[in-house]
Amino acid sequence: MKFTLILAALSATFGAIQAADICRPTGSDCFGAASCCLGIQEGRCCNLGTATTRIRMVVPANSRSQGWTGSGCTGSAATNQNQNARTVCFTYSSSRLSGKWLTGLSSRVRRDPTPEAEACAEPNAVLQVRDGVTTRIDLRDGMTVEDALEKRDGVAVEAVPYVGEYEVVNED
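What the sequence shown shows, in mature numbering (1 follows the signal peptide of the UniProt record, and there is no 0), is residues -19 to -1, 1 to 153, in sequence order.
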């Protein structure tokens, strides 16, 4: 009995600390620079800022990713199942303005009854590829993606290494 309680507590703890990265590529290359909601919790929406047909996500195993046509995770959604933890580039046939991830492999789309109840996350970092190395630039104090990339070029903000491997999934 005691072992079961400890196992349940550990399971709940590990489940609570899972997070994902949801990114909007800033150019035509899904694997180049991207504006991201890094470390976003399950069920929290990430507004991508600009309409895009590509969303790059780093997701945990046994999860599903969603790309939404409207901001605030509204409109229609395309849901993708992720049996394994992975970094993937989803290419959609129509524009997407937001995304989120959920645990479980269900194809069910979860529509929160009151999207206003919790504000959607805005990008908190920019990932930039330079000379084959991906670096992370944290967005702070209202800094835009363009500001971050410009300040990075002038070495006014710190960039730290970011590692990820990608696979491409086309969604039509």
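Even for Gly, the Cβ is constructed at its ideal location relative to N, Cα and C. Just so it is clear, the structure is predicted and the values come from calculations on it, not from any experiment.
- Under the three-pair Cβ rule at 8 Å, the segment 57 to 77 does not count as touching the segment 97 to 114.
- Judged by beta-carbon spacing, N28 lies within the 8 Å limit of S52, meaning their Cβ atoms are closer than that value.
- Here the C-alpha atom of A15 lies approximately 13 Å from the C-alpha atom of V69.
- With contacts defined by Cβ atoms closer than 8 Å, S87 and W49 do not form a contacting pair.
- Note that the C-beta distance between C18 and L108 is not below 8 Å.
- When the alpha-carbon of R67 is set against those of A58, R37, G85, the nearest one is in R37.
- Annotated three-state conformation of A129 is helix, per DSSP.
- F71 carries a strand assignment under DSSP once its states are collapsed to helix, strand and coil.
- Counting along the chain, G30 sits inside the beta strand (DSSP E) bounded by residues 27 to 40.
- Residues P41 of the same chain have their beta carbon placed closer than 6 Å to that of Q(-2), with the five preceding and five following residues left out of the count.
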